[in-house]
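S.K.: Structure incoming, see below.
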Amino acid sequence: MSRTGRNLLLGCLLLVPPLLAHAGDNSLLVPATGRCSLDSAAEDLPQAVAACQEQARQGDAQAQYELGEFFYDGQRAPRDLPQALHWFEQASLQGNAQAQLRLGTMFFRGEGVPANNVQAYIVLKMAAVNGSDEAMDSADQVAERMQREELQAASQVLGQIFRSYLLELQNIDSAPAAPGSGFTPAPGNTLGSPQVPAFAPN
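Next comes the structure, spelled out in structure tokens:
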């Protein structure tokens, strides 16, 4: 495996703990809270942004996504790609498919980061797993522009993520539920739907 492939694999394996944190409930999608709204009147916008940032810092994936969009589109404030990238990455790590789609697109286009087809492909595939039909089409378009070695490296990383997830899920399903945990594995259900995080570089 090339150095790039090893680095991507290591980066993705570091993201397995957030993936496993959601394995117990076998949820494919993270529910959107809808509490963060940046559609405020201009005079209320600073307060709305501050409230959204507080929710985002507390781990609200939808607030993180909304902030990413706010800084990405630049319609209500100057466009700030590093801020957009930061918030999209945070939401992506929680499985927000919209954020993963935008992040993968940024990697592909080189917006705020150097263009990287391998990262774009991985993140877009994660978005597709998390429910984005558009991401599947976008991943196919990225794949058409990738060298064979790049596609192999990306496929290896994705394969490792899913193998690790499935092994851990099998361990969770075979272990008795902790009293009061609220989680009881379904009989015979060893291959639940993964909550897959995006690959986000440092």
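For the sequence shown, the residue numbers in mature numbering (1 follows the signal peptide of the UniProt record, and there is no 0) are -23 to -1, 1 to 179. Cβ coordinates follow ideal geometry from the N, Cα and C atoms, glycine included.
Whose C-beta lies closer than 7 Å to the C-beta of residue 215 among residues of the same chain, with five residues either side of it excluded?
M.R.: Outside the shown range of the chain, which is -23 to 179, sits residue 215, and nothing can be said about it.
S.K.: How far does the alpha helix (DSSP H) with residue 117 in it extend, from its first residue to its last?
M.R.: Here the alpha helix (DSSP H) through residue 117 covers 110 to 121.
S.K.: Mind checking residue 89: buried by the 16 CB within 10 Å criterion, or exposed?
M.R.: Classification of residue 89: buried, given that the 10 Å Cβ count is 16 or more.
S.K.: Cβ of residue 102 less than 9 Å from any chain D Cβ?
M.R.: Considering every chain present, this structure includes no chain D. It has just one protein chain.
S.K.: Would you identify the three-state DSSP class for residue 130, choosing helix, strand or coil?
M.R.: The answer is helix: DSSP assigns residue 130 an H, G or I state.
S.K.: So, for residue 115: in the same chain, excluding its five sequence neighbours on each side, which residues have a beta-carbon less than 6 Å away from its beta-carbon?
M.R.: 101, listed in sequence order.
S.K.: According to DSSP, simplified to helix, strand and coil, what is residue 37?
M.R.: Three-state result, residue 37: coil.
S.K.: Given a threshold of 16 other Cβ atoms within 10 Å of its Cβ, counted over all protein chains shown, does residue -14 qualify as buried or as exposed?
M.R.: At residue -14, the pLDDT of 42 sits below 50, so the modelled position is not reliable; the number obtained from the coordinates is stated separately. Exposed.
S.K.: Can you name the start and end residues of the alpha helix (DSSP H) that residue 95 belongs to?
M.R.: Run containing residue 95: 94 to 106, per the alpha helix (DSSP H) assignment.
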